[in-house]
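Note that the protein sequences, when read in sequence, are chains A and B.
For the first sequence, our numbering assigns the number 98 to the initial residue and increments by one for each residue that follows.
For the second sequence, our numbering assigns the number 56 to the initial residue and increments by one for each residue that follows.
Backbone N, C-alpha and C define an ideal beta-carbon position, used for all residues, glycine too.
In this text, all values refer to a predicted model and were calculated from it rather than measured experimentally.
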Amino acid sequence: MGLLYPSALVFFALVPALLIAYLVRERPLRVTVSSVLAFRALRGLKGERPWGLPQLDWLFIVEVMILSLAVLAMAQPYVVRRRKPIAVVLDNSAAMQARTASGQTRFEVVRARLAAMLSSEPADAEITVYLTAPQPHQMAEPFDAAAQARSAIGRAAATDAPDQRDAVGRLLTELASGRRFSEVIFASSHPVNGSVPRNVRTIIVADPVPNFAIGSFRLRREGFGAAALRGRLKLANFSPHAQTLKVVLTGDGKPLAKAESLVESRGVVSVEFPQLAPAAVYRAELQPTDDFPLDNVAYATAGAIKAVEVLFVSPVRADADSLTTLAGVKLRVQSPENFSPADAEKADLTIFEYTVPKELPSGNALMVMPPGGDPVFNFAVRPAESIQIASWQRPDPLTDEVNFRLLELRRGEFFDLHPWMESIVSGNGGGLLLAGVRQGHRYVATGFNPFPYLGKQNLPMSVLTLNMLSYLAGLGADSVGYRTGEPWLVPAGVEKIILPSSSSVAVKPGTLFTAGTQQGIYQLVDAAGERRPRAAMLGDLAESDLDLSVPITIQAPAEETGPATFTANIPLTAYLIAAMLILAAAEGVIAYRRKRRALEVHP
Amino acid sequence: MLGLPAEFTPDFLARLEQLRIKTRREYVGMGKGAHLSPKRGSSLEFSDFRHYSMGDDFRYIDWGLYGRTDKLYIKLFQEEEDLLTYIFLDASASMAYPVGDRKFESAVAIALALAYVSLASGDRVMIRVLAGEGDRVATSLVYGRYRIVELARRLVAVKPGGQLDLVPALARELVSIKRAGKVFIISDYLMMLNSVTTGLGLFGAAAMDVTAVQVLGGRELSGQGIEGNVELVDAESGERVRVAMGSRSRQQYHETLMRLSREIRSFCFKRGLHYTLYTTDRGFHDFFLRAAAELGLVH
Chain A
98 MGLLYPSALV
108 FFALVPALLI
118 AYLVRERPLR
128 VTVSSVLAFR
138 ALRGLKGERP
148 WGLPQLDWLF
158 IVEVMILSLA
168 VLAMAQPYVV
178 RRRKPIAVVL
188 DNSAAMQART
198 ASGQTRFEVV
208 RARLAAMLSS
218 EPADAEITVY
228 LTAPQPHQMA
238 EPFDAAAQAR
248 SAIGRAAATD
258 APDQRDAVGR
268 LLTELASGRR
278 FSEVIFASSH
288 PVNGSVPRNV
298 RTIIVADPVP
308 NFAIGSFRLR
318 REGFGAAALR
328 GRLKLANFSP
338 HAQTLKVVLT
348 GDGKPLAKAE
358 SLVESRGVVS
368 VEFPQLAPAA
378 VYRAELQPTD
388 DFPLDNVAYA
398 TAGAIKAVEV
408 LFVSPVRADA
418 DSLTTLAGVK
428 LRVQSPENFS
438 PADAEKADLT
448 IFEYTVPKEL
458 PSGNALMVMP
468 PGGDPVFNFA
478 VRPAESIQIA
488 SWQRPDPLTD
498 EVNFRLLELR
508 RGEFFDLHPW
518 MESIVSGNGG
528 GLLLAGVRQG
538 HRYVATGFNP
548 FPYLGKQNLP
558 MSVLTLNMLS
568 YLAGLGADSV
578 GYRTGEPWLV
588 PAGVEKIILP
598 SSSSVAVKPG
608 TLFTAGTQQG
618 IYQLVDAAGE
628 RRPRAAMLGD
638 LAESDLDLSV
648 PITIQAPAEE
658 TGPATFTANI
668 PLTAYLIAAM
678 LILAAAEGVI
688 AYRRKRRALE
698 VHP
Chain B
56 MLGLPAEFTP
66 DFLARLEQLR
76 IKTRREYVGM
86 GKGAHLSPKR
96 GSSLEFSDFR
106 HYSMGDDFRY
116 IDWGLYGRTD
126 KLYIKLFQEE
136 EDLLTYIFLD
146 ASASMAYPVG
156 DRKFESAVAI
166 ALALAYVSLA
176 SGDRVMIRVL
186 AGEGDRVATS
196 LVYGRYRIVE
206 LARRLVAVKP
216 GGQLDLVPAL
226 ARELVSIKRA
236 GKVFIISDYL
246 MMLNSVTTGL
256 GLFGAAAMDV
266 TAVQVLGGRE
276 LSGQGIEGNV
286 ELVDAESGER
296 VRVAMGSRSR
306 QQYHETLMRL
316 SREIRSFCFK
326 RGLHYTLYTT
336 DRGFHDFFLR
346 AAAELGLVH
């Protein structure tokens, strides 16, 4: 036991002061009686005190106790309790769903062993449970009892998301440093690389499991505006023998195509599906099945099959003519004066030529030769009479298949460095093509006008333009889906997301959505109730490689100083204050009853 | 009713009329009445014989005795006269405390009840108030039951106050009394015991038939309401006493009061005086009718 502020005990000097104040203040109640005759005998017995001082009664004692408690409370006493904080790091990544030879999943095996290990810990052990997927995080507030921790671990479930081994390694290194926890228990399918620190106990279930996996599932349009899609799957064989893997592809539940390929042991192959019929959701299933069914299924979603609606905002309406030649494009042309933000919301993408909107468009947009200094994008532009393309990013959906050596740009403007848009194509005087994402929307700005040159006469410009339109219309390779556990920005207009488990989550556009830990189709629901599917799949061959688990490295503490002693100071101030309140209430009751009794007889 | 205290209900008055004052001695009255007088008179109560003298009413000659003795004797009979009742009421300040106990009001009610019994029996009553504030009630002997209204009006107007020294006060009253009779002294008797005995003894020595009525408050007797450190102030003398009252102290206080009361009772018993104690937490009607004998009343 100790005192946080022992100097506060000096206030105990107030007790004599209280005594004096009490003696000065607390004169006896004066009562007129018919005769003091019968009271004289009492005076001789016990009534009168020396020097005429009144007798100290219970109320004074109660007040002294209250004062003493108050002084003690100011000193903030505490009792020291030894504690044993334990950190449990439980791997809940997708690989833990793999079934072991016993018929249980790795996660079930690990959880059972962990519960048995925690049973031997003291009942009042302080246990903090961490989960590894999708990001290492604390499961809940520290548990004060091993039974609570076991119960919480019993309710935990493995996710469909991969873990990040480096992050898990850093977490374990931090926990094993001995600063916060006396012991760390690591339960995972990943072995620990090298020597394990003394304060780390491991439960590793890493028996090899033969596994066949779909590594990725990508869709591309055969051409901009074309209805047909091209599917590409990556298949892997993580078993000791070569295996013929068969893929069955369905679209919106209807069989579309099949393919098979012989895959060597630990080999990876790609399977192409050209000319896939249009469907909202595509599902690929791998055969034969194995003990890790999660990666035997993959999902992808295509962009809208309907015609791409393009809103062209320009003072030169004739520049939009070249866009009408593109198949599957529905074009609307509007002058800048008549443009309103609501118009952009109705289009798949908006093209602003020689102008910029007065607020950030709530949809993807292409700015062609925007004027400089606008308050929304704040472009800094410099006119260029002669343009030489100096560099471009590759690979990038905007520069894909573009032969920049044949691309001729006669005049235009250069962009200076932009706060949040990245220069994709640069010229001799600055940026020529910028791209960036804000609030879930894609924005591209060009320092040249591609539309007068659209056509077979200037093939690189046509390819670049189609790349830009594809990127902005969401038809590029990046639009096929997302990996489980990967956070993504909620697109504009979306108010609710229905998870693959059918439960729904209210969301705000522009915020990060982090609940995507299940593999399957997420329905993005806007205010009008319209649903847009979005696929999320494991898509991580490293996670699917159950034959060879990647070890995790834990950095040992710099000095092995033996088991650290952890103590906790339990403050007693709250109890003292409670006792003060009880005594004060008792004093009030006693004083009230005395006064009332006196008034009843001697009003 | 007619200015009488609330205790004087018609039923209570009817029951009072069935009572009369009984004395242990015979007193000379001021007129015809129902009490035997030491005087010779014409009642049916035989008193003595004397020799016949000329002029005696020969209807009272005892002819039987003449036949046996051959001498004429006249039979003498006792006279029946009214009783002179003196009621002394303590109106000192002590009778006003504790306020809630209504000691003085109870004492007034007892005095009026005794006065009504006396008046209803055809006796004469004089009420004297000892100490007190306001108009001093110093009635002469009144006669007739209707005078109870006047007595009540005058007593109700009295406010208790002042200090009472019982012995000199009773001595003064005794001097003013010309004929002996029945005396009621109503007080709380919260004073030194020798004052009480001396005061009561004065009337005993004067051949008065005395009844001491002690009136104490119910809460006063139990010491209720006095708790913890208190400074007690004597209502009459102003003397101050500091005490710490607890349950034990209260018990001791109660025993002291009861001892004082027992000693007064013992004194009265030895001297042939009547004594009764009334505590205000008792029912007044019940007390008065049950304690009739102790008060010196008979049916």
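Of the other Cβ atoms in all chains shown, 16 or more fall within 10 Å of the Cβ of valine 622/A; this residue is therefore buried. When 8 Å is used as the limit between beta carbons, valine 168/A is near no residue of chain B, the shortest such separation being about 26 Å.
Distance from the CA atom of alanine 310/A to the CA atom of aspartate 304/A, rounded to whole angstroms, is 18 Å.
Here the alpha carbons of alanine 444/A and lysine 605/A stand approximately 21 Å from one another. At a cut-off of 8 Å between beta-carbon atoms, leucine 126/A makes contact with chain B.
Inter-residue distance for serine 599/A and glutamine 620/A is about 9 Å (C-alpha atoms, whole angstroms). Between proline 467/A and isoleucine 448/A, the alpha-carbon positions lie close to 11 Å from each other. Judged by beta-carbon spacing, glycine 526/A lies within the 8 Å limit of phenylalanine 511/A, meaning their Cβ atoms are closer than that value. Within its own chain, the residues whose Cβ lies closer than 8 Å to the Cβ of valine 206/A, once the five positions on either side in sequence are excluded, are Thr197, Ser199 and Val302, listed in chain order. The continuous alpha helix (DSSP H) containing phenylalanine 157/A extends over residues 155 to 172. Distance between isoleucine 182/B and glycine 273/B, taken at the CA atoms: about 26 Å. Put simply, of Ser190/A, Arg329/A and Pro294/A the residue whose alpha carbon is nearest the alpha carbon of alanine 264/A is Ser190/A. Here isoleucine 250/A is buried: its Cβ has 16 or more other Cβ atoms, across all protein chains shown, within 10 Å. The beta carbons of threonine 311/B and leucine 271/B sit no closer together than 8 Å. Valine 186/A sits away from alanine 258/A, with the two beta carbons spaced by 8 Å or more. Under the Cβ distance rule, glutamine 307/B counts among the residues neighbouring chain A, one pair being separated by less than 8 Å.
Interface criterion met: the Cβ of leucine 139/A is under 8 Å from a Cβ in chain B.
Straight-line measurement puts the Cα of valine 378/A at about 12 Å from the Cα of arginine 628/A.
Against chain B, the CB of leucine 134/A has a partner CB under 8 Å away; the residue lies at that interface. Distance from leucine 673/A to leucine 169/A at the Cβ level is roughly 6 Å; contact confirmed, criterion being Cβ atoms closer than 8 Å.
Counting every other CB atom within 10 Å of its CB across the protein chains shown gives histidine 329/B a total of 16 or more, marking it as buried.
DSSP places methionine 300/B in the strand class (E or B) of the three-state scheme.
For arginine 691/A, the C-beta contacts it makes with chain B under 8 Å involve Glu282 and Gly283, in order along the chain. With respect to chain A, the C-beta atom of aspartate 243/B has a partner C-beta closer than 8 Å. Counting only the Cα atoms, proline 288/A lies some 17 Å from threonine 202/A.
For the pair arginine 180/A and alanine 665/A, the CB atoms are nearer than the 8 Å cut-off. In this structure, DSSP gives alanine 633/A an extended state, which the three-state scheme calls strand. Distance check between arginine 179/B and each of Leu206/B, Ser161/B, Ala164/B and Pro153/B places Leu206/B closest, using alpha-carbon atoms only. Taking the Cα positions, phenylalanine 663/A is about 22 Å away from threonine 299/A. Looking at the DSSP output, serine 601/A bridges to Ile595/A. Residue-level contact by beta carbon fails for valine 159/A and chain B, as no gap is shorter than 8 Å. Annotation: arginine 157/B has no Cβ neighbours in chain A at a cutoff of 8 Å; minimum Cβ distance is about 12 Å. Annotated as distal: leucine 428/A and leucine 383/A, with beta-carbon spacing of 8 Å or more. Close CB contacts of aspartate 220/B within its chain, under the 8 Å cut and outside five residues either way in sequence, are with Ser250 (chain order). Serine 131/A belongs to the set of residues whose beta carbon lies under 8 Å from a beta carbon in chain B. When beta bridges are read from the DSSP output, proline 65/B appears opposite no residue.
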